[in-house]
Amino acid sequence: MTVLLLVPPVLPLLAAGLHAVFGWRRGTAWLGVLASAGLLGAGIALAASVSSRPRTGLDGFLRADALSAYMVIVIGAVALLASLAAPSYLAAEKAEGHATDADLRRYGMLSQAFVAAMALAVLAASLGILWVAVEATTILTAFLVGFRRTRNATEAAWKYVVICSAGIALAFLGVVLLHFAARHAHVPEAGALDWASLVRHADGLDAGVTRIAVALLVLGFGTKAGLAPMHAWLPDAHSQAPAPVSALMSGVLLSVAFYAVLRVRVIADAALGAGFTRTLLLIVALASLAVAASLLLAQRDYKRLLAYSSIEHMGLLALGTAIGTPLALTAVLLHVLGHGLAKSVAFLASGFVHQAVGSSRIEAARGLLTRGPLVAGCFGAGLLALLGFPPFSLFASELGIFRAGFDAGLGWAVGIALALLAVVLAGIAARTGRMLLGAPSRQPGPGAATIPAAPIRPAVSAALALLLGLAACAALGVTAWPLDSLLNHAAAVLEGRP
Amino acid sequence: MTETVYVQLLDLTCGALVLAAVLVLWRRDLRAIVRLFAAQGVALAALVAVLGVHAHDAGLVALAAGAGVLRGLLLPLLLRRAMRAGGAGRETEPLVNVAASLVVAALLALLSYAVTRPVVALEPSPATHAAPVAVTVVLIGFFVLVTRRRALSQVVGFLLVDNGITALAFLTTSGVPLAVELGVSLDVLLAVLVLRVLTTRMRAAFGGTDLDDLRELRD
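Listed in order, the protein sequences are those of chains A and B.
Residue numbering for the first sequence follows our numbering, beginning at 1 and increasing consecutively.
Residue numbering for the second sequence follows our numbering, beginning at 1001 and increasing consecutively.
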């Protein structure tokens, strides 16, 4: 059993080690695909084996229940898409002179270690180890954000490390206080920060201390999840990182941080009743949606546009969690996977557009559908998915969250959220419409004539990643039956039922 | 160690901890700021050692030695190296001037006494009575982080936050579980290394480490 728990963090670490030894070449460039496929497989196997009861390994250091298994599947799925697209993306970066062989080697090491840290975060039995793993993701991705070493990339990396480390320090303050409360509730020293024992002893936790701890934990992990008010790093970091890294950061890293909030909520609700986290999460949810809507309206950069859309979706997750009924929680979990798939497709496609156009400004890209039907089509479809159009699964999950909100008597919050989503829809549609449709831009040709810009043709593996992601997202929207029982079990964990 | 000596040593080390943080607000010379940070690291180690001796816990004393090496020697050494490569040795005019900063520090101390009331109430021991001091250090660290404009002072602000949290962990319980403590120390060390490399890159790209230059990315 321990083996199955070890596979998700160890496989990517092995790949990182091989990159360190052999660098990034024709042979090793596909290691990431192998590792993420293994991760996905291990996630599915875990899901099958933990459906009856949670499993532990390594002397209780690692622990998997349905929620952890589900998160491993999400990490594996998005990492698979990102690593499929990475080789051709990086080959183009190198050909353009943006990256050297040493940079590519570092990319291979850091990106795989980053995936390993996320896998450890969702499988850690203890809140403390989860914190260590989440902070490790910040450190590992710092140089990936600053990959191009330009002024903008360096600035984004600095803000990213400083704001996220400071924010996550708040969460650690919460960890320390929760540990204090737990020791007073007679939780045994060895497992004082373990999720399972914290939930078991939650009713003995001191309310005053736990309240401060929970507020700090939500704010701290919320920083890393891109929730307002500490979201300022996100658009910079996600727009400057190489596309496969943006896909991983936006698609799963945010959700991994949000996973911590989900786990904390279980303890908080058992110790303090549902009102406290509900108020807290409603505030950050509506604030995040408002920030995203207002900054999307006048957005001039298509990568930043995707980044703000991530803040919007994290806000929706927080809203669903605040509602907190079984329907809402199941929808939140489905939304995590749907958003991960759609956002990574959109970011990967935007990376290829960026390489072809040479700028991430919206007005620089025109008539992309005629220049590169496949890339632009996938970019457009990804945007439609993110805006919540059927048949993609985000339609179903958003519908679930809103319906649950009305049922739970939070109609006013859902109403505000819907109004803000309408603004988001208008903003994204107005900004990207001309990017995709219309006549393609022309370049100066020989003499006074202009020639049409070169077509955008992605490599087969990259095209596969884009289509696979969209197909999975659409399939989940039509029917989520392969995940039904796993989602129900995971939602049960979130309701505090073991 | 008698109870009185214990309480006096506890107060002394906690006083040194918060004094170092306040002096960081006062000094503008980056070299002095790094020295103050090192002194705070030593005070933190002494605090943990006092708690360890009082509790007759050899493990805690060993942790104190580890904390002293990391926060009193290793991190200040890294900061000094970064500074030597950096050239400019003075903080530019901070967003909030020194006198106002000191007043803010006093207000932050009041705030931390207010917010830690439930913590003290839960276990009114001499050690938890000092918890507000640790939280004051955390808040001063955040204040340095948002008002200072040199890359290096921001890193020191981040490290003050970390020192304060570590002090709180030892004052309230005998520290977080060892595996977590080790992981956190490693993360902090790596974060400082990453920030050091980024400072070098920033200097190459912007010609300085004044954070006011970081204004290209905005909406």
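All residues carry an ideal CB built from backbone N, CA and C; glycine is no exception.
All values reported here derive from a predicted model rather than from experimental measurement.
Ser1101 (chain B) versus Ala1064 (chain B) - alpha carbon distance
31 angstroms
Helix, strand or coil: how does DSSP classify Ala1064 (chain B) here?
helix
Bounding residues of the alpha helix (DSSP H) (the contiguous stretch that carries Ala64 (chain A))
Not the alpha helix (DSSP H): Ala64 (chain A) falls in the beta strand (DSSP E), residues Leu62 to Ala64.
Assign Gly57 (chain A) to one of three DSSP states: helix, strand, or coil.
strand
Under the three-state reduction of DSSP, which class applies to Asp505 (chain A): helix, strand or coil?
Any property of residue 505 (chain A) remains undetermined from this structure, which presents chain A solely from 1 to 498.
Could you give the C-beta distance for Leu144 (chain A) and Tyr107 (chain A), rounded to a whole number, given that I count them as a contact under 8 angstroms?
7 angstroms
If we count the other Cβ atoms within 10 Å of its Cβ and call it buried at 16 or more, is Val256 (chain A) buried or exposed?
buried
For Ser126 (chain A), name the three-state secondary structure that DSSP assigns.
strand
Kindly indicate which three-state DSSP category Arg1150 (chain B) falls into: helix, strand or coil?
strand
Classify Asp1219 (chain B) as helix, strand or coil using the three-state DSSP reduction.
coil
Contact under 8 angstroms by Cβ, Gly499 (chain A) with Leu40 (chain A):
Residue 499 (chain A) is absent from the structure shown; chain A starts at 1 and stops at 498.
Interface partners of His335 (chain A) on chain B, CB under 8 angstroms
Chain B residues near His335 (chain A): none, gap ~26 angstroms exceeds 8 angstroms.
With a cut-off of 8 angstroms on the beta carbons, I'd call Gly60 (chain A) and Gly191 (chain A) a contact; round off their distance for me.
7 angstroms
Indicate whether the contact test is met: 3 or more Cβ pairs, each with one atom in the region 410-423 of chain A and one in the region 352-360 of chain A, closer than 8 angstroms.
no
Quick one: which chain A residues come within Cβ less than 7 angstroms of Gln1154 (chain B)?
Val162
With a CB to CB cut of under 7 angstroms and the five nearest residues on each side skipped, what residues in its chain are close to Asp301 (chain A)?
Ser239, Ser360, Arg361 and Ile362
How many Å lie between Leu334 (chain A) and Leu46 (chain A) at the Cα?
18 angstroms
If contact means a Cβ-Cβ distance below 8 angstroms, which residues of the region 1014-1046 of chain B contact chain A?
none
Range of the contiguous alpha helix (DSSP H) that encloses Asp1011 (chain B):
Glu1003 to Trp1026
Can you tell me whether DSSP reads Arg1084 (chain B) as helix, strand or coil?
helix
Select from the region 1176-1208 of chain B all residues with a C-beta closer than 7 angstroms to any C-beta belonging to chain A, and list them in chain order.
Val1176, Pro1177, Ala1179, Val1180, Gly1183, Val1184, Asp1187, Leu1190, Ala1191, Val1194, Leu1195, Leu1198, Arg1201, Met1202, Ala1205 and Phe1206
Chain B within 8 angstroms of Phe352 (chain A), Cβ atoms only
no
Just to check my reading of the structure: Ala1021 (chain B) and Leu1160 (chain B) have Cβ atoms closer than 8 angstroms, yes? What is that Cβ distance to the nearest angstrom?
6 angstroms
To be precise: take each residue of the region 121-134 of chain A, compare its Cβ to all Cβ atoms of chain B, and keep it if any distance is under 9 angstroms. Which residues remain?
Ser126, Leu127, Gly128, Ile129, Trp131, Val132 and Ala133
Listed by chain order, chain A residues near Ala1169 (chain B) by CB distance under 8 angstroms:
Val176 and His179
Count the other CB atoms within 10 Å of the CB of Leu410 (chain A); is the residue buried (16 or more) or exposed (fewer)?
buried
Going by beta carbon distance, what residues of the same chain come within less than 7 angstroms of Leu4 (chain A), once the five residues before and after it are set aside?
Ala42, Ala45, Leu46 and Ser49
Considering Leu1108 (chain B), what are the terminal residues of the alpha helix (DSSP H) in which it resides?
Val1098 to Val1115
Backbone CA spacing between Ser309 (chain A) and Leu295 (chain A) [nearest angstrom]:
10 angstroms
Please list, in chain order, all residues of the same chain as Val162 (chain A) whose beta carbon is under 7 angstroms from its beta carbon, the five residues on each side excluded.
none
Among A:Phe392, A:Ile212, A:Ala125 and A:Phe402, whose alpha-carbon lies nearest the alpha-carbon of Val478 (chain A)?
A:Phe392
Does the ligand NAD have even one heavy atom less than 7 angstroms from the beta-carbon of Arg361 (chain A)?
Because no ligand of any kind appears in the structure shown, any question about the ligand NAD cannot be addressed here.
Check whether Val122 (chain A) and Ser68 (chain A) have beta carbons under 8 angstroms apart:
yes
According to DSSP, residues forming a beta bridge with Arg361 (chain A):
A:Asp301
Three-state secondary structure assigned by DSSP to Asp1210 (chain B)
strand
Phe221 (chain A) to His231 (chain A), Cα distance in whole Å?
11 angstroms
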